[in-house]
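For the sequence shown, UniProt numbering assigns the number 1 to the initial residue and increments by one for each residue that follows.
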Amino acid sequence: MNDIIVRLEQVVKRFSGRTAPAEIGLELPRGEVIGVIGPNGAGKTTLLKLIAGLLYPDGGKVLVRGKPAARRRSSEVAYMPEKGGLYPFFTVTETVRYYRTVFADFDENKAREMLDYMQLDQQQTAGDLSRGERGRLKLVMALSRQVPLVLLDEPLAGLDPMIRKSILKGLITFIDLPRQTVLLSTHEVEEVEPVLDRVVALRGGKLVRADVLETIRCMHGENLVDWMEETFL
Numbered sequence: 001m002n003d004i005i006v007r008l009e010q011v012v013k014r015f016s017g018r019t020a021p022a023e024i025g026l027e028l029p030r031g032e033v034i035g036v037i038g039p040n041g042a043g044k045t046t047l048l049k050l051i052a053g054l055l056y057p058d059g060g061k062v063l064v065r066g067k068p069a070a071r072r073r074s075s076e077v078a079y080m081p082e083k084g085g086l087y088p089f090f091t092v093t094e095t096v097r098y099y100r101t102v103f104a105d106f107d108e109n110k111a112r113e114m115l116d117y118m119q120l121d122q123q124q125t126a127g128d129l130s131r132g133e134r135g136r137l138k139l140v141m142a143l144s145r146q147v148p149l150v151l152l153d154e155p156l157a158g159l160d161p162m163i164r165k166s167i168l169k170g171l172i173t174f175i176d177l178p179r180q181t182v183l184l185s186t187h188e189v190e191e192v193e194p195v196l197d198r199v200v201a202l203r204g205g206k207l208v209r210a211d212v213l214e215t216i217r218c219m220h221g222e223n224l225v226d227w228m229e230e231t232f233l
C-alpha cells in the first residue's frame with residue numbers, strides 16, 4: 001500500500017510574472033498532522049490551493065493519492081479557507097444541513113458532537129458569529145467530512161489565545177488518525193508545534209525544508225520557533 005498521500009513533482013505556479021511556489025518537489029505521508037510554515041508571502045496558501053485543486057500548476061504535477069489534484073475530486077479533500085467559506089445568512093444548523101446535502105461524506109453526528117464541544121449556538125447565523133466562532137464553525141465543517149485529506153489555511157489567524165487553544169484541542173480530539181491527513185498553514189508556530197508530526201517550510205515560494213519535526217529538533221537541538229528564527233531571520 002502506498003503511504004504517500006500528496007506528491008508534488010517540480011511544481012511551478014506563476015502570478016503576474018511572479019513565481020510561487022518555485023519548482024517544488026515534495027512527498028507527504030498519510031496519517032499525519034503536517035504544518036506548512038513560513039513568513040508572509042512564502043506561498044503557504046498557494047500550496048494548499050494547488051493541493052485542493054483550486055489552482056493549477058503552470059509546470060509540474062500535483063498528485064493526491066496518485067491522481068492529479070482537481071476541484072472535481074472534492075470527495076477526497078476538505079479545504080478550509082482562511083477567509084470566507086460560510087454563507088453569512090445560514091444559521092449554524094442550516095450550515096450543517098447544507099454540508100450534508102452537498103457532501104455525501106459529511107458525518108452529521110460528528111458535526112453535532114463537535115458543535116457541542118465548540119459551544120456554538122446553532123440558531124445563530126454565521127454572519128452574527130464572532131470571528132473566533134466562525135473559525136470554530138469552519139473547522140467543524142472541515143473535520144466532519146470523512147475524507148483522507150484535510151487542508152486548513154491559517155485556522156488560528158487573528159484569534160485570541162483561548163480560542164486558539166480551543167481549536168487546537170478540537171483538532172486533536174476529532175481528527176481521525178491514521179485514516180486522515182491534516183495539512184495546516186500557520187503563523188502561530190509555537191502553539192501548533194505540540195500537535196505536529198511533520199513540517200513543510202517555505203520562503204519566497206521555495207521549499208526550505210520538509211522533514212519530521214522530531215528530526216529537526218534532534219539535529220538542531222531546539223524547538224521549532226528557534227529553528228525558524230535561525231532559518232528565516
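All residues carry an ideal CB built from backbone N, CA and C; glycine is no exception.
Note that this is a predicted model, so its numbers are computed, not measured.
By the 16-neighbour rule on beta-carbons within 10 angstroms, residue 106 is buried. A contact between stretches requires three or more CB pairs, one per stretch, nearer than 8 Å, and the stretch 191-206 meets this requirement with the stretch 30-41. For residue 58, no alpha helix (DSSP H) run applies, since DSSP gives it neither H nor E. From the listed residues 161, 152, 167 and 103, the smallest Cα separation to residue 146 is found for 103.
The stretch 151-158 makes no contact with the stretch 113-121, as fewer than three CB pairs between them are under 8 Å. With a 10 Å radius around the Cβ and a threshold of 16 neighbouring Cβ atoms, residue 67 comes out exposed. Residue 159 is positioned such that its CB atom lies closer than 7 Å to that of residue 135. The continuous stretches of beta strand (DSSP E) do not include residue 86, and DSSP gives it neither H nor E. Counting only unbroken stretches of 4 or more residues, the alpha helix (DSSP H) elements lying wholly within the stretch 67-146 are 92-102, 108-118 and 131-143, in sequence order. The beta carbon of residue 209 sits closer than 6 Å to those of 201, all from its chain and outside the five residues before and after it, given in chain order. Taking a cut-off of 8 Å on C-beta distances, the stretch 162-174 does not touch the stretch 86-99, as fewer than three cross pairs fall below it. When C-alpha distances from residue 77 are compared across 26, 184, 214 and 213, the shortest belongs to 184.
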